[in-house]
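*Asks:* First to last, the sequence lines map onto chains Y and W. Counting in the numbering used here, the first sequence runs from 1 upward without gaps. Counting in the numbering used here, the second sequence runs from 1 upward without gaps.
2 protein chains.
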Amino acid sequence: MTKATIDNVAALAGVSIKTVSRVVNKEPNVRQSTRDKVLKAVAELDYRPNLSARSLAGNRSYVLGLLYDNPSANYVIDVQDGVLTTCRAQGYDVLIHPCNHQDPDIGKEVTNLIRQTRIDGIILTPPLSDVSAILEVLKDSRIPFVRIAPTLQKDLCPYVETNDAEAAYDMTNQLISLGHRRIGFVSGHPDHRAVSHRFEGYRAALVENHIELDDDLVVQGYNSFESGEEAANTLLNLSARPSAIFAANDDMAAGVMMVAHQMGIDIPRELSVAGYDDTPVAHQIWPSLTTVRQPIQAMAQKATDLLLKQLMGKEVQLPASMLSSSLIQRDSTGPAGPAR
Amino acid sequence: MTKATIDNVAALAGVSIKTVSRVVNKEPNVRQSTRDKVLKAVAELDYRPNLSARSLAGNRSYVLGLLYDNPSANYVIDVQDGVLTTCRAQGYDVLIHPCNHQDPDIGKEVTNLIRQTRIDGIILTPPLSDVSAILEVLKDSRIPFVRIAPTLQKDLCPYVETNDAEAAYDMTNQLISLGHRRIGFVSGHPDHRAVSHRFEGYRAALVENHIELDDDLVVQGYNSFESGEEAANTLLNLSARPSAIFAANDDMAAGVMMVAHQMGIDIPRELSVAGYDDTPVAHQIWPSLTTVRQPIQAMAQKATDLLLKQLMGKEVQLPASMLSSSLIQRDSTGPAGPAR
DNA sequence: AAATAAGTTGACAGCGCTGTCACCAGGGTT
DNA sequence: AACCCTGGTGACAGCGCTGTCAACTTATTT
């Protein structure tokens, strides 16, 4: 009950501790009959290898580091879940490490993390995927890492991404096909390059439909609800106000809707609003928000998978994985009203 | 750059490794001049103790386990932040372990966790704080632990709680003072005993104001947005419908508001709605939600603190900590309209 | 000044595991 | 028959640290 070390198992199975080690670590070159004996002993004693000892002796920790700096709790939780699920299945643990991407000492912080905990690999999530101070450190330290939705130096490490621009393009196109011509856009935080790239999709759809890009209709947002409110105040007070507003994330879209409600603008009759991310607020808000769902958990799983593969020595081909986002049609968008 | 072990530091400082160990671990009985020498060497080599080695030799891991099973991403993130902040300050790491409180094997799962990772202590959050299978295991394993907002066997371990019932009482009282007499209540998930205790506050306020508790006005919810919608469907279709609804959490309150909107009921003119938790949705929704803010992060910090104190050998007095929640007045509540 | 207590330091034996390497048996090759 | 493989196994030396305990130095007491 108390303990059960590898020695106990070896004694019970009548083999050396090295053989037990081989079996436990699924190494090849152990006769099947020996393997069975050992497994039986392991089961009988309910043996669990001591991770500290293993880590010390093997010079690896069986722990992955997950770095993030994302104000969206839902995003973080989804990533954590994806990473944890995959890690657990492979006997790895996860060390979560929230940090501040604007901290000038972020590079040193990452160095410390690596040196002290001896984690075996690192997973970077946006916006950290594009922080060059971190990338430098990781490159130098030779520690394997993967990134989720990077936009910079994509050849640096394996990564996973989603077709953000394409989904934004689809969403814009859909608004256009509903008859909207003046479509406002609230862009994402410039530090979150993946988010800000959604603008490209918006622009592409306009171009394709021969609608001129009106600079007045594009407002810089910062991913927060409040910045969505500010943007809406600008957009909805324009002399020729848009009949639709596409915000680069749901929080900002919620901000837009709040302002519209306060101004007595009916959604979607007078104004269509679209978001991006499909956070819980999207379906809790009234009217429920048309948005884009990203496969966050799947991306995290895939990324972890790539990292673990790399750790197992299997070389991972760089061209990475692309998972696709999907449009979620809800009640905040509708046909454009009569032109004003 | 590469490494730097305790031996290197000892050599550079001209002392034994044991002395370095003493200094690094802030043990007493080291002459100040010696301490300085060692610290200088530590700084010069940028030495970081290897946690695996320390853990193996010292029979402790410097890692705390954080167990949770909470569908609210915001709650979990807040707890994580609180725990992490406190742990980092003390040189501890955190192993997060989401799990399912209804899993019949939850006890075994916790046993495995303890056996394998040799974590030094455990932090339990609701609803896990009240899962007796876990409590049994922890009691037997003699591993120190703390609980956040427990309601069962409170003498089992140190804990932190907030004055839930009192805040619910205040909220109800406020609705009453706004003139509401028929106040609906959407109760929390029965497994989340702390949440379901909020009902006590509601009842107490009614009693004190000589308002009879009407069973029709109390509907069982399950903490989810959808259960809030269902409850609202029941309550708002009552022949004598309530002029206010108090939901035991914000998600359910949002569900209530959704149904009200769909039925064309104006909030707060025709119906006041109050929630509990002050999740982000509370201020992103329209109209913004009157609710109660819990000091989640502070509770997590306090709990971690208690646990760490316990680990340092300082005995913690049981009577635990009570942190108080505060009422957040927003736009979803207002004076009761003319009686109908 | 001698005796005792208190403070300070280091030698050394592990903690429980993995890496290295040596060894042995048996099957193919020359 | 001598040779080399290759698969299978174990002996053993650490990994980098902390706990124990003994030894030594410096105060404090008598």
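Think of the CB as a built atom: it goes at the ideal place given N, C-alpha and C, for glycine as much as any other residue.
Can you check whether the C-beta of V9 of chain Y is within less than 8 Å of a C-beta belonging to chain W?
*Replies:* Locating residue 9 of chain Y in the first sequence gives position 9, counting from the first residue. By this cut-off, V9 of chain Y is not an interface position.
*Asks:* Taking the Cβ atom as the reference point for each residue, do A336 of chain W and L178 of chain W lie within a distance shorter than 8 Å?
*Replies:* Numbered from its first residue, the second sequence carries residue 336 of chain W at position 336. Numbered from its first residue, the second sequence carries residue 178 of chain W at position 178. Yes; because the gap between Cβ atoms is below 8 Å, this pair is in contact.
*Asks:* Roughly how many whole angstroms lie between the Cα atoms of V110 of chain Y and R31 of chain Y?
*Replies:* Within the first sequence, residue 110 of chain Y is the residue found at index 110, counting from 1. Within the first sequence, residue 31 of chain Y is the residue found at index 31, counting from 1. Rounded to whole angstroms, V110 of chain Y to R31 of chain Y spans 43 Å at the Cα level.
*Asks:* DSSP three-state label for S261 of chain Y, please.
*Replies:* Position 261 of the first sequence holds residue 261 of chain Y. One point to set straight first is that residue 261 of chain Y is His, not Ser, in the sequence displayed. Here H261 of chain Y sits in helix by DSSP.
*Asks:* Within its chain, find whatever has a CB closer than 6 Å to the CB of G184 of chain W; leave out the 5 residues flanking it on each side and keep chain order.
*Replies:* On the second sequence, residue 184 of chain W is found 184 positions in, with the first residue counted as 1. For G184 of chain W, where only same-chain residues beyond five positions count, the Cβ hits under 6 Å are L217, L235, P242 and I245.
*Asks:* Residues of chain Y with CB under 9 Å from D278 of chain W, in chain order?
*Replies:* Against the second sequence, residue 278 of chain W aligns to sequence position 278. Correct list: empty, because the minimum Cβ distance to chain Y is about 13 Å.
*Asks:* Below 7 Å, is the gap between the Cβ of I77 of chain Y and the nearest heavy atom of the ligand MG?
*Replies:* Absence of the ligand MG from the depicted structure is noted, as is the absence of any ligand whatsoever, leaving it without description.
*Asks:* With distances taken Cα to Cα, identify the nearest neighbour of W286 of chain Y among Y:S52, Y:A260, Y:A205 and Y:A240.
*Replies:* Here residue 286 of chain Y refers to the residue found at position 286 of the first sequence. Here the closest residue by C-alpha is Y:A260.
*Asks:* Pick helix, strand or coil for I245 of chain W, following the three-state DSSP scheme.
*Replies:* Counting from 1 along the second sequence, the entry for residue 245 of chain W is found at position 245. Strand at I245 of chain W.
*Asks:* Can you tell which of W:S21, W:L175 and W:Y276 has the C-alpha that lies nearest to the C-alpha of S326 of chain W?
*Replies:* Within the second sequence, residue 326 of chain W is the residue found at index 326, counting from 1. Considering only alpha carbons, the answer is W:Y276.
*Asks:* If D93 of chain Y and C99 of chain Y are in contact, beta carbons under 8 Å, what's the gap, nearest whole angstrom?
*Replies:* The count along the first sequence starts at 1 and reaches residue 93 of chain Y at position 93. The count along the first sequence starts at 1 and reaches residue 99 of chain Y at position 99. Their Cβ separation, rounded to whole angstroms, is 19 Å, which puts D93 of chain Y and C99 of chain Y out of contact at 8 Å.
*Asks:* Less than 8 Å between the beta carbons of Q301 of chain W and G65 of chain W, yes or no?
*Replies:* Walking along the second sequence from the start, residue 301 of chain W turns up at place 301. Walking along the second sequence from the start, residue 65 of chain W turns up at place 65. No; because the gap between Cβ atoms is not below 8 Å, this pair is not in contact.
*Asks:* Could you name the residues of the same chain whose beta carbon sits closer than 7 Å to that of D130 of chain W, not counting the 5 residues immediately before and after it, in chain order?
*Replies:* The residue labelled residue 130 of chain W in the question sits at position 130 within the second sequence. Closer than 7 Å at Cβ, skipping near neighbours: P150, T151, L152 and R193.
*Asks:* Who are the Cβ neighbours of E226 of chain W in its own chain at under 8 Å, not counting the five residues just before and after it?
*Replies:* Sequence index remark: in the second sequence, residue 226 of chain W carries index 226 (1-based). So the qualifying residues of the chain are G255.
*Asks:* Would you mind sorting G14 of chain Y into buried or exposed? The rule is 16 or more other CB atoms within 10 Å of its CB.
*Replies:* Counted from its first residue, the first sequence places residue 14 of chain Y at position 14. The residue is exposed, with fewer than 16 neighbouring Cβ atoms inside 10 Å.
*Asks:* Quick check on the burial criterion: 16 or more other C-beta atoms within 10 angstroms. Buried or exposed for H409 of chain W?
*Replies:* Chain W is shown from 1 up to 340; residue 409 of chain W falls before or after that span and cannot be answered.
*Asks:* Does the Cβ of Q329 of chain W have 16 or more other Cβ atoms within 10 Å, making it buried, or fewer, making it exposed?
*Replies:* For the purposes of this step, residue 329 of chain W is taken as residue 329 along the second sequence, with counting starting at 1. Looking at its Cβ environment, which holds fewer than 16 other Cβ atoms inside 10 Å, Q329 of chain W is exposed.
*Asks:* CA-CA distance, R340 of chain Y and A298 of chain Y?
*Replies:* Within the first sequence, the letter at position 340 stands for residue 340 of chain Y. Within the first sequence, the letter at position 298 stands for residue 298 of chain Y. Caution is warranted here: a pLDDT of 46 is assigned to R340 of chain Y, below 50, making its placement in the model unreliable, and the coordinate value is therefore given only provisionally. R340 of chain Y and A298 of chain Y: Cα-Cα distance of roughly 44 Å.
*Asks:* Thinking I114 of chain W and V146 of chain W are a contact (beta carbons under 8 Å), I'd like their distance in whole angstroms, please.
*Replies:* The residue labelled residue 114 of chain W in the question sits at position 114 within the second sequence. The residue labelled residue 146 of chain W in the question sits at position 146 within the second sequence. Not really, about 15 Å apart at Cβ, beyond 8 Å.
*Asks:* Could you name the residues of the region 67-83 of chain Y whose beta carbon sits closer than 9 Å to any beta carbon of chain W, in the order they occur along the chain?
*Replies:* So the list reads S72, A73, N74, Y75, V76, I77, D78, Q80 and D81, given in the order they occur along the chain.
*Asks:* Would the beta-carbon of G201 of chain W fall within 8 Å of that of Y169 of chain W?
*Replies:* For this step, residue 201 of chain W is matched to residue 201 along the second sequence. For this step, residue 169 of chain W is matched to residue 169 along the second sequence. Yes, the pair counts as a contact, with Cβ atoms nearer than the cut-off.
*Asks:* Leaving out the 5 sequence neighbours to the left and right, which residues in its chain are closer than 7 Å to K3 of chain Y when beta-carbon positions are compared?
*Replies:* Counting from one through the first sequence, the residue named residue 3 of chain Y turns up at place 3. So no residue of the chain qualifies.
*Asks:* I want to verify the contact list: residues of chain W whose CB lies under 7 Å from the CB of R115 of chain Y, in sequence order.
*Replies:* On the first sequence, position 115 is the one that residue 115 of chain Y refers to. By Cβ distance, chain W contributes R48.
*Asks:* Along the region 86-103 of chain W, where does the CB come closer than 8 Å to a CB of chain Y? Name the residues.
*Replies:* Going along the region 86-103 of chain W in chain order, one finds D93, V94, L95, I96 and P98 with a Cβ nearer than 8 Å to chain Y.
*Asks:* Can you look up M322 of chain W in the DSSP assignment and give me helix, strand or coil?
*Replies:* The sequence position of residue 322 of chain W within the second sequence is 322, counting from 1. In this structure, M322 of chain W counts as strand in the three-state DSSP scheme.
*Asks:* State buried or exposed for N59 of chain Y, treating a residue as buried only when at least 16 other CB atoms are found within 10 Å of its CB.
*Replies:* Within the first sequence, numbered from 1, the residue matching residue 59 of chain Y stands at position 59. So N59 of chain Y counts as exposed.
*Asks:* Which same chain residues end up closer than 7 Å to I35 of chain Y when comparing Cβ atoms and leaving out the 5 residues on each side of it in sequence?
*Replies:* Within the first sequence, the letter at position 35 stands for residue 35 of chain Y. One detail in the question is off: residue 35 of chain Y reads as Arg in this sequence, not Ile. Excluding residues within five positions, the ones whose Cβ falls inside 7 Å are V23.
*Asks:* If we define contact as Cβ-Cβ less than 8 Å, is R340 of chain Y a contact residue for chain W?
*Replies:* Indexing the first sequence from 1 puts residue 340 of chain Y at position 340. Any reading at R340 of chain Y needs caution, since the residue's pLDDT is 46, under 50, leaving its predicted position unreliable; the model's value is listed next. False, the Cβ-Cβ gap to chain W never drops below 8 Å.
*Asks:* Which parts of the region 109-170 of chain Y are runs of the beta strand (DSSP E), unbroken and 3 residues or longer, counting only runs that do not cross its ends?
*Replies:* Qualifying beta strand (DSSP E) stretches, in chain order: 121-124, 145-148 and 159-162.
*Asks:* Using only alpha-carbon positions, find the residue among Y:T19, Y:S21, Y:N8 and Y:Y62 that is nearest to D46 of chain Y.
*Replies:* Position 46 of the first sequence, counted from the first residue, corresponds to residue 46 of chain Y. Nearest C-alpha to D46 of chain Y: Y:N8.
*Asks:* Run the CB neighbour count on S132 of chain Y, radius 10 Å, all protein chains shown included, and call it buried at 16 or more, exposed below.
*Replies:* Taking the first sequence and counting its residues from 1, one reaches residue 132 of chain Y at position 132. Label assigned to S132 of chain Y: exposed.
*Asks:* Do you know offhand how far S321 of chain Y's Cα is from I296 of chain Y's?
*Replies:* Position 321 of the first sequence, counting from 1, holds the residue named residue 321 of chain Y. Position 296 of the first sequence, counting from 1, holds the residue named residue 296 of chain Y. Cα to Cα, the separation comes out at about 13 Å.
*Asks:* Please tell me whether I285 of chain W has its Cβ less than 8 Å away from any Cβ of chain Y.
*Replies:* Position 285 of the second sequence, counting from 1, holds the residue named residue 285 of chain W. Closer than 8 Å to some Cβ of chain Y, the Cβ of I285 of chain W qualifies, so yes.
*Asks:* Relative to the alpha-carbon of L12 of chain W, which residue among W:S288, W:E44, W:E230 and W:Q174 has its alpha-carbon at the smallest distance?
*Replies:* Residue 12 of chain W sits at position 12 when you count from the first residue of the second sequence. For the residues W:S288, W:E44, W:E230 and W:Q174, the minimum Cα distance to L12 of chain W belongs to W:E44.
*Asks:* Taking buried to mean at least 16 other C-beta atoms within 10 Å of its own C-beta, is V207 of chain W buried or exposed?
*Replies:* Residue 207 of chain W sits at position 207 when you count from the first residue of the second sequence. Per the 10 Å Cβ criterion, exposed.
*Asks:* Looking only at C-alpha atoms, which of Y:N249, Y:M257 and Y:N237 sits nearest to Y222 of chain Y?
*Replies:* Locating residue 222 of chain Y in the first sequence gives position 222, counting from the first residue. Residue Y:N249 is the option with its Cα nearest to Y222 of chain Y.
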